[in-house]
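**Q** Have a look at the structure that comes next, please.
This is the structure in structure tokens:
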């Protein structure tokens, strides 16, 4: 007589997200091809064709590897291998990173909204010139086909400086490396660099108008925008 297994003893296996599968395949390629630090991965178009996915989907996987420090994606040069951890280390790092993102967003919302408000109240003409320069840098990067990450970083640094709050500035410095993770992922989303630049202009306008409440609200909306990251879904 055949006995049936007891019900409720098994759980449904969740299907990995597509970008997670791509991360595994890309890393498998790195190992199979015996790439070493400094070697280039194939161009994005070639990788997307070989994997049978869109370049937008592939970009998510590349951003994940970039955030983990496995590759460095350089505009005009493609993805360059930085180091080769084990695949288990890569997947563990990816999971830890995903669980950390909401906390990074929470910290940014707490600190940067206040910094924007203070910057609007305390900014000088020199601060406004530095803000405009950062916006122009980001605009030029995007026009050249890049993500605008350097200009984005400069913009937020200038606002922190304009707030003239040493303690809040130190706290921002403490989370700077973690903020870089969210910056790379957010700007890797299709259309996000342009959206982020427009959002920066809204913040800058409020700071220029010496409107603390408006600057705080604009920064709050900006953090919500850049926190809408596909890897969290």
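Numbering (the numbering used here), first residue to last: 540 to 772.
A virtual CB, placed ideally from N, CA and C, is assigned to each residue, including glycine.
Predicted model, so just to flag it, every value in this text is computed and none were measured.
Buried or exposed for residue 550, going by 16 or more other Cβ atoms inside 10 Å?
**A** For this step, residue 550 is matched to residue 11 along the chain shown. With a pLDDT of 45 at residue 550, under the threshold of 50, the modelled position of that residue is not reliable, and the figure given next carries that caveat. Exposed, because fewer than 16 other Cβ atoms sit within 10 Å of the Cβ of residue 550.
**Q** From the DSSP output, in three-state form, read off residue 762 for me.
**A** In the chain shown, counting from the first residue as 1, residue 762 sits at position 223. In this structure, residue 762 counts as helix in the three-state DSSP scheme.
**Q** Is there contact between the region 653-669 and the region 715-725, where contact requires at least three CB pairs shorter than 8 Å?
**A** Not touching, per the Cβ criterion.
**Q** Which same chain residues, not among the five before or five after residue 740, have their C-beta less than 8 Å away from its C-beta?
**A** For the purposes of this step, residue 740 is taken as residue 201 along the chain shown, with counting starting at 1. Cβ neighbours of residue 740 beyond the five flanking positions: 674.
**Q** From residue 617 to residue 601, what does the alpha carbon distance come to, in whole angstroms?
**A** Position 78 of the chain shown, counted from the first residue, corresponds to residue 617. Position 62 of the chain shown, counted from the first residue, corresponds to residue 601. About 10 Å.
**Q** Within the same chain, show all residues whose beta-carbon is closer than 7 Å to that of residue 702, passing over the 5 residues directly before and after it, in chain order.
**A** What you label residue 702 is simply residue 163 of the chain shown in a count that begins at 1. The answer, listed in chain order, is 654, 657, 658 and 661.
**Q** Under DSSP, the beta strand (DSSP E) around residue 742 begins and ends at which residues?
**A** Position 203 of the chain shown holds residue 742. No beta strand (DSSP E) holds residue 742; the alpha helix (DSSP H) holding it covers 731-747.
**Q** Could you spell out where the alpha helix (DSSP H) holding residue 594 opens and where it closes?
**A** Residue mapping note: residue 594 aligns to position 55 of the chain shown, counting from 1. From DSSP, the alpha helix (DSSP H) with residue 594 extends over 594-606.
**Q** Tell me, please, whether the region 676-692 touches the region 755-763 by the rule of three or more beta-carbon pairs shorter than 8 Å.
**A** No, they do not touch.
**Q** Buried or exposed: which applies to residue 605, given that a residue is buried once 16 or more other Cβ atoms fall within 10 Å of its Cβ?
**A** Start at 1 with the first residue of the chain shown, and residue 605 comes out as number 66. The residue is buried, with at least 16 neighbouring Cβ atoms inside 10 Å.
**Q** So, for residue 547: in the same chain, excluding its five sequence neighbours on each side, which residues have a beta-carbon less than 8 Å away from its beta-carbon?
**A** Numbered from 1 along the chain shown, position 8 holds the residue referred to as residue 547. Low confidence applies to residue 547: its pLDDT is 45, below 50, so where it sits in the model is not reliable, and the reading given next is rough at best. Around residue 547: no qualifying Cβ.
**Q** Give the secondary structure of residue 665 by DSSP, where H, G and I count as helix, E and B as strand, and everything else as coil.
**A** Numbered from 1 along the chain shown, position 126 holds the residue referred to as residue 665. Looking at residue 665 - three-state DSSP - the assignment turns out to be helix.
**Q** Out of 623, 728 and 706, which one is the CA nearest neighbour of residue 593?
**A** Taking the chain shown and counting its residues from 1, the one referred to as residue 593 is at position 54. Nearest option by C-alpha distance: 728.
**Q** Which term fits residue 576, buried or exposed, when burial requires 16 or more other beta carbons within 10 angstroms of its beta carbon?
**A** For the purposes of this step, residue 576 is taken as residue 37 along the chain shown, with counting starting at 1. Counting Cβ neighbours within 10 Å, residue 576 comes out exposed, since fewer than 16 surround it.
**Q** Compare the C-alpha of residue 762 against each of 609, 650 and 578 and name the closest.
**A** Counting from one through the chain shown, the residue named residue 762 turns up at place 223. Minimum Cα distance to residue 762 is reached at 650.
**Q** Flag this pair as yes or no: are the beta carbons of residue 768 and residue 725 separated by less than 8 Å?
**A** Within the chain shown, the letter at position 229 stands for residue 768. Within the chain shown, the letter at position 186 stands for residue 725. Contact flag set, yes.
**Q** In the structure shown, what three-state DSSP assignment does residue 703 receive?
**A** Numbered from 1 along the chain shown, position 164 holds the residue referred to as residue 703. Coil.
**Q** State the Cα-Cα distance for the pair residue 707 and residue 699, rounded to the nearest angstrom.
**A** On the chain shown, residue 707 is found 168 positions in, with the first residue counted as 1. On the chain shown, residue 699 is found 160 positions in, with the first residue counted as 1. If I take the Cα positions, the gap works out to 8 Å.
**Q** Bridge partners of residue 579, per DSSP?
**A** If you number the chain shown from 1, residue 579 lands on position 40. According to DSSP, which records beta bridges pairwise, residue 579 is partnered with 619.
**Q** Taking the straight line between their C-alpha atoms, what separation do you get for residue 627 and residue 567?
**A** For the purposes of this step, residue 627 is taken as residue 88 along the chain shown, with counting starting at 1. For the purposes of this step, residue 567 is taken as residue 28 along the chain shown, with counting starting at 1. When rounded, the distance between both Cα atoms is 11 Å.
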